[in-house]
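Here the numbering used here is used: the first residue of the sequence shown is 158, the next is one more, and so on. Remarks on the structure that follows.
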Amino acid sequence: MREVQQEINRIQAFLLQRQQEDGTWRFCLESSPMTDSHMIILLRTLGIHDERLMEKLTAHIRSLQHDNGAWKLYPDEHEGHLSTTIDSYYALLLSGKYTKDEPRMALARSFILEKGGLTQANMLTKFSTALTGQYQWPSHFLVPVEIALLPPSFPVSFYDFVGYARVHLTPMMLVADRQYVKKPDDAPDLSDLYADTPITRGLYPHRVLDHFLKEGQSFLATIHDSLQRLPFLPGQLHKLALRRLEQYILARIEPDGTLYNYSTSTFFMIFALLARGYSPKDPLIQKAMQGLTNSVYEYKNGAHLQLATSAVWDTALLASSLQKSGLSTTHPAIQKANRYLLQKQQHTYGDWKIRNPKGKPGGWGFSDYNTMNPDIDDTTAALRSLRLLARTDITTAAAWNRGLEWLLSMQNDDGGWPAFERNTDADFIRHLPIEGADTVSTDPSSADLTGRTLEFLGNYAGRTLTDPHVEKGVRWLLRHQESDGSWYGRWGITYLYGTWAAITGLMAIGFSPTDPAIQKAVAWLVAIQNPDGGWGESCQSDQKKMYVPLGASTPSQTAWAIDALIAVSPMPTAELQRGIHYLLTHNQANDWTTRYPTGGGRPGGTYFAYHSYRWIWPLLALSHYQTKYANT
């Protein structure tokens, strides 16, 4: 136990040094270079001369290129990722700091052509290149803008898409409808990235388009039939829909100027505003650019535009973990963190109310300036940190109860919990010509969110199996356990994340360690432990929908597995001891395993390396281990 305490002390000391004056922890949320490419495109398109930022962005992008010329979404991705390579190649050329004839750029171009060229890129890459004159717009966008006019009560509605999908789709629909192009000065020519003939080019990969033509026609027919019920002529409908989409965007700009606090949606918003006639000098566009600039995380030798900033998430998780490790609510660091969290509770209604009309505000969002898009995970994270303070402080208790009530009101009818909006899982969306529409456009219940919510309700809110919300959540979890005993996790990688959340959730609300579902899950965890004592899962898992071993161990995934085993083990097991030994001997390493992305975003498209995770989860697991087994 002495070594465990020493490691806890070391992590505590590091984190206390990293806390900001406002009480936050602001670690980097790292994803692919796509966002950096977006920033370079905007700087050049809008004629903004910030060469220091340009240098740092290009340095970061270049540092991620592999020897075969490609860029990857995660280190063990086979060969490379086509769209990420196109994004990076284009950005480096557009920056003016690299040329096509440089050897590593030639390697990148060869990789792109070998994988089918620009035509085979994903939709986001095709949009960014079409907007800047490098890819031809198709004659029409298969999601008609008129869908914005259909109210939520109709068979098909814009609100069948989850909020984070809507704020991306809205500006994309506006620019596609206009077929808007704004080519930067001195833009490179990407025509040599085509490996086919013009007739085969379009926004949609053939497999996606073929599926839509077979399965998605009822969607268009339903929209057409629904529009007939509106008292407008077709031409009027189209103009009205465009105005409605513009108004939708304007109503969801956050105080920092970004759209819903996502850099990707803000990128498309800026082009949508330009397409609607706004000047590049318009205050909305200027403030949006400032918001993006403020979201850039600077390294010593580079910079990365974060897809979102994670201040609320990091602060809530770290403050909670530090309290678990022994820091009291009166410790200055915890006091500052909790004051910040209380300030970030949301008191206004957002789009979540459309499918939760009886719910009252009280949740928390992910980012510093998120004022209208709360989510389940951030809410339970904040409430965990505030639990002890709420027992002695009336104001905190009132805030805590509001958060709990909002959380309970967001439970889906099927018993699980979503991330952002309840009952947003329309089947027709799976047939739309949008890559990964089933995972990025809806918000179904997930094992990780349901399990973590149950863990919160059991360990922090005193709820048990007799509680109706708990009972429904448990039924959902048990129905969705995989045949091998694991659970699929949506917002972390992947089966390790889901299984940890499910086990700790079920144990918190009163399950027995001998329950068959628990035993099966534990057997799966033990079976996939690595020889070094740790655990590691590849990002390939969420694409293949099956567990894929990483071949190495990571700190966060090892901590998740350890935490799950602690929850079910009255005494330390051999597997637990080996896992603890791994953390104690490897957590100070600084290699690719400590930077491996273990956060999920868009399966096959976006993965997150939370720079905070190597501290949060090991600290929590070690603290739980020490608390439970100190006297054994």
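Even for Gly, the Cβ is constructed at its ideal location relative to N, Cα and C.
Inset, instruction - State the Cα-Cα distance for the pair Ile356 and Glu592, rounded to the nearest angstrom. - result: Note that Ile356 scores a pLDDT of 44, beneath 50, so its modelled location is shaky; the value from the coordinates is reported in the next line. Rounded to the nearest angstrom, the two C-alpha atoms are 21 Å apart.
Inset, instruction - Out of Arg409, Gly274, Ile427, state which residue places its alpha-carbon closest to the alpha-carbon of His195. - result: Ile427
Legend entry - Thr763 - DSSP class collapsed to helix/strand/coil: strand
Legend entry - Where Thr528 sits in the DSSP three-state scheme: coil
Legend entry - Terminal residues of the beta strand (DSSP E) in which Val453 lies: 453 to 455
Legend entry - Alpha carbon of Gln163 to alpha carbon of Lys481, nearest angstrom: 15 Å
Inset, instruction - Return the residue from the list Ile269, Leu399, Ala305 that minimises the CA-CA distance to Ser348. - result: Ile269
Legend entry - C-beta contact flag for Thr656 and Gly630 at 8 Å: no
Legend entry - Beta-carbon separation (whole angstroms), Ile737 vs Val161, contact threshold 8 Å: 7 Å
Inset, instruction - Count the C-beta pairs between the stretch 484 to 499 and the stretch 509 to 520 that are closer than 8 Å, then say yes if the count reaches three, no if not. - result: no
Inset, instruction - Taking His461 as part of the beta strand (DSSP E), name the residues at either end of that continuous run. - result: 460 to 462
Legend entry - C-alpha gap between Asn166 and Ala674, whole angstroms: 36 Å
Inset, instruction - Report the three-state DSSP secondary structure of Glu208 (helix, strand or coil). - result: helix
Inset, instruction - Please say whether Ala659 and Ala678 have beta carbons closer to each other than 8 Å? - result: yes
Inset, instruction - Quick one: give me the first and last residue of the alpha helix (DSSP H) that Gly630 is part of. - result: 625 to 636
Legend entry - Whole-Å CB distance - Pro518 paired with Tyr506, under 8 Å assumed: 6 Å
Inset, instruction - Leaving out five residues on either side along the sequence, give the residues of the same chain with a beta carbon under 7 Å from the beta carbon of Ser566. - result: Asn513, Lys515, Gly516
Inset, instruction - Figure out for me which residue from Thr661, Arg620, Gln697, Leu779 has the closest Cα to the Cα of Thr651. - result: Gln697
Inset, instruction - Name the residue from Ser189, Arg261, Asp193 whose alpha carbon lies nearest to the alpha carbon of His223. - result: Arg261
Legend entry - the stretch 722 to 729 contacting the stretch 763 to 773, beta-carbon criterion three pairs below 8 Å: no
Legend entry - Beta-bridge partners of Gly756, as assigned by DSSP: Gly649, Phe765
Legend entry - Straight-line gap, Thr215 to Ala322 (C-alpha atoms, nearest Å): 28 Å
Inset, instruction - Could you say if the stretch 740 to 748 and the stretch 398 to 409 meet the contact criterion of at least three C-beta pairs nearer than 8 Å? - result: no
Legend entry - Leu275 beta carbon less than 8 Å from that of Ile198: no
Legend entry - Alpha-carbon to alpha-carbon, Pro412 and Lys785: 44 Å
Legend entry - C-beta contact flag for Ser460 and Ser420 at 8 Å: What sits at residue 460 in the sequence shown is Ala, not Ser. Going by C-beta atoms, Ala460 is not nearer than 8 Å to Ser420.
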